[in-house]
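Each residue of the sequence shown is one higher than the one before, starting from 1 at the first, in full-length UniProt numbering.
Virtual Cβ for every residue (Gly too), placed ideally from N, Cα, C.
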Amino acid sequence: MATSPYDSSQDSQGAARPEQTSAGRPDAGDAGAAPLLDLTVLEELGQELEDIATVRAFVSDYVAFWDERIHRLTSSLADEDSKAALEAVVNLRAVSTMVGAPRLSALASRIEGFLRCFQLREAIGALPALERCGRDTVVELRTTYLLTTGCL
(Lines of atoms letter the chains of each structure in order from A; the text may use other names.)
(Lines give C-alpha, C1' and ligand atoms only; values in the text may rest on other atoms or scores of the structure.)
Protein backbone atom coordinates (compact mmCIF):
# COMPACT_ATOMS: atom_id res chain seq x y z
CA MET A 1 0.00 0.00 0.00
CA ALA A 2 1.43 3.34 -1.06
CA THR A 3 1.71 6.08 1.51
CA SER A 4 0.81 9.66 0.83
CA PRO A 5 3.24 12.45 1.70
CA TYR A 6 0.22 14.34 3.05
CA ASP A 7 -0.15 14.03 6.80
CA SER A 8 -3.68 15.01 7.83
CA SER A 9 -2.48 15.61 11.39
CA GLN A 10 -0.44 18.59 10.16
CA ASP A 11 -1.23 21.78 8.31
CA SER A 12 0.62 22.96 5.20
CA GLN A 13 3.49 24.34 7.30
CA GLY A 14 3.87 21.09 9.26
CA ALA A 15 2.24 22.42 12.43
CA ALA A 16 0.09 19.96 14.31
CA ARG A 17 -3.61 20.30 13.67
CA PRO A 18 -5.92 20.24 16.69
CA GLU A 19 -7.44 16.87 17.53
CA GLN A 20 -11.07 16.58 16.49
CA THR A 21 -13.94 15.24 18.54
CA SER A 22 -16.42 12.88 16.93
CA ALA A 23 -18.62 15.92 16.27
CA GLY A 24 -15.81 17.51 14.24
CA ARG A 25 -14.99 20.14 16.85
CA PRO A 26 -11.43 20.83 17.98
CA ASP A 27 -10.58 19.16 21.26
CA ALA A 28 -8.12 20.73 23.68
CA GLY A 29 -8.57 17.90 26.11
CA ASP A 30 -10.31 18.60 29.37
CA ALA A 31 -9.04 22.13 29.98
CA GLY A 32 -10.83 22.20 33.34
CA ALA A 33 -8.69 19.29 34.52
CA ALA A 34 -5.48 21.20 33.86
CA PRO A 35 -4.13 23.16 36.82
CA LEU A 36 -4.65 26.90 36.80
CA LEU A 37 -0.93 27.43 37.41
CA ASP A 38 2.15 25.26 37.29
CA LEU A 39 4.79 27.28 39.12
CA THR A 40 7.46 24.70 38.29
CA VAL A 41 7.46 26.19 34.78
CA LEU A 42 8.58 29.53 36.22
CA GLU A 43 11.09 27.85 38.54
CA GLU A 44 12.61 26.00 35.59
CA LEU A 45 12.70 29.19 33.54
CA GLY A 46 14.50 30.96 36.38
CA GLN A 47 17.06 28.14 36.58
CA GLU A 48 17.54 28.14 32.82
CA LEU A 49 18.03 31.90 32.67
CA GLU A 50 19.93 31.99 35.97
CA ASP A 51 18.07 35.24 36.62
CA ILE A 52 14.90 35.26 38.71
CA ALA A 53 14.50 39.03 38.19
CA THR A 54 13.93 38.46 34.47
CA VAL A 55 11.29 35.83 35.24
CA ARG A 56 9.55 38.19 37.68
CA ALA A 57 9.57 40.93 35.03
CA PHE A 58 8.13 38.50 32.47
CA VAL A 59 5.31 37.49 34.83
CA SER A 60 4.68 41.13 35.75
CA ASP A 61 4.42 42.03 32.05
CA TYR A 62 2.10 39.07 31.45
CA VAL A 63 -0.23 40.34 34.18
CA ALA A 64 0.02 43.95 33.00
CA PHE A 65 -0.80 43.09 29.39
CA TRP A 66 -3.64 40.63 30.08
CA ASP A 67 -6.37 43.20 29.38
CA GLU A 68 -4.72 44.20 26.10
CA ARG A 69 -4.32 40.58 24.98
CA ILE A 70 -7.90 39.59 25.71
CA HIS A 71 -9.19 42.81 24.12
CA ARG A 72 -7.31 42.03 20.90
CA LEU A 73 -8.89 38.60 20.79
CA THR A 74 -12.43 39.67 21.68
CA SER A 75 -12.46 42.61 19.29
CA SER A 76 -11.05 40.47 16.46
CA LEU A 77 -13.77 37.89 17.05
CA ALA A 78 -16.45 40.60 17.27
CA ASP A 79 -15.22 42.00 13.95
CA GLU A 80 -15.21 38.47 12.51
CA ASP A 81 -11.55 38.97 11.61
CA SER A 82 -10.42 35.34 11.78
CA LYS A 83 -6.83 36.11 10.82
CA ALA A 84 -6.37 38.70 13.58
CA ALA A 85 -8.21 36.47 16.07
CA LEU A 86 -5.96 33.53 15.21
CA GLU A 87 -2.86 35.68 15.65
CA ALA A 88 -4.15 36.95 19.01
CA VAL A 89 -5.08 33.51 20.35
CA VAL A 90 -1.80 31.91 19.22
CA ASN A 91 0.08 34.67 21.04
CA LEU A 92 -2.09 34.19 24.11
CA ARG A 93 -1.59 30.41 24.07
CA ALA A 94 2.17 30.68 23.68
CA VAL A 95 2.72 33.24 26.41
CA SER A 96 0.32 31.41 28.75
CA THR A 97 2.33 28.23 28.27
CA MET A 98 5.55 30.11 29.02
CA VAL A 99 4.12 31.62 32.21
CA GLY A 100 2.94 28.23 33.48
CA ALA A 101 -0.82 28.60 32.90
CA PRO A 102 -1.81 25.21 31.42
CA ARG A 103 -5.57 25.62 31.81
CA LEU A 104 -5.57 28.96 30.03
CA SER A 105 -3.25 27.58 27.37
CA ALA A 106 -5.62 24.64 26.79
CA LEU A 107 -8.62 26.96 26.46
CA ALA A 108 -6.69 29.15 24.01
CA SER A 109 -5.76 26.01 22.05
CA ARG A 110 -9.42 25.11 21.83
CA ILE A 111 -10.29 28.52 20.36
CA GLU A 112 -7.30 28.27 18.05
CA GLY A 113 -8.63 24.93 16.82
CA PHE A 114 -12.05 26.38 16.15
CA LEU A 115 -10.51 29.23 14.16
CA ARG A 116 -8.30 26.87 12.16
CA CYS A 117 -11.45 24.88 11.31
CA PHE A 118 -13.28 28.09 10.32
CA GLN A 119 -15.74 27.70 13.21
CA LEU A 120 -16.05 31.33 14.24
CA ARG A 121 -19.28 30.91 16.23
CA GLU A 122 -17.75 28.12 18.28
CA ALA A 123 -14.67 30.26 18.93
CA ILE A 124 -16.89 33.10 20.12
CA GLY A 125 -18.86 30.66 22.29
CA ALA A 126 -15.66 29.46 23.97
CA LEU A 127 -14.51 33.00 24.76
CA PRO A 128 -16.30 33.50 28.13
CA ALA A 129 -14.55 30.48 29.67
CA LEU A 130 -11.19 31.77 28.41
CA GLU A 131 -11.88 35.25 29.84
CA ARG A 132 -12.85 33.82 33.26
CA CYS A 133 -9.82 31.57 33.34
CA GLY A 134 -7.58 34.45 32.30
CA ARG A 135 -8.86 36.67 35.11
CA ASP A 136 -8.38 33.83 37.61
CA THR A 137 -4.88 33.18 36.27
CA VAL A 138 -3.88 36.84 36.62
CA VAL A 139 -5.18 36.95 40.21
CA GLU A 140 -3.35 33.73 41.04
CA LEU A 141 -0.10 34.94 39.48
CA ARG A 142 -0.33 38.15 41.51
CA THR A 143 -1.03 36.40 44.80
CA THR A 144 1.02 33.22 44.54
CA TYR A 145 3.98 34.40 42.50
CA LEU A 146 4.45 38.14 42.31
CA LEU A 147 3.58 38.91 45.94
CA THR A 148 5.62 35.99 47.29
CA THR A 149 8.68 36.87 45.20
CA GLY A 150 8.54 40.52 46.25
CA CYS A 151 7.65 41.90 42.86
CA LEU A 152 4.50 43.82 43.78
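Worksheet entry | Assigned exposure category for Glu43 - 16 Cβ within 10 Å defines buried | exposed
Worksheet item: Taking the continuous alpha helix (DSSP H) assigned at Val138, which residues delimit it?
Response: Membership of Val138 in the alpha helix (DSSP H) is indicated by the continuous run Leu120 to Leu141.
Fill in: Pro35 - DSSP class collapsed to helix/strand/coil
coil
Practice prompt. Mark Pro102 as exposed unless 16 or more other C-beta atoms lie within 10 angstroms of its C-beta, in which case mark it buried.
Written response: buried
Worksheet item: If Tyr62 sits next to Val95, beta carbons under 8 Å apart, how far is it from one beta carbon to the other, in whole angstroms?
Response: 6 Å
Fill in: Arg132 classed as buried or exposed, judged by whether at least 16 other C-beta atoms fall within 10 angstroms
Exposed: under 16 other Cβ atoms inside 10 Å.
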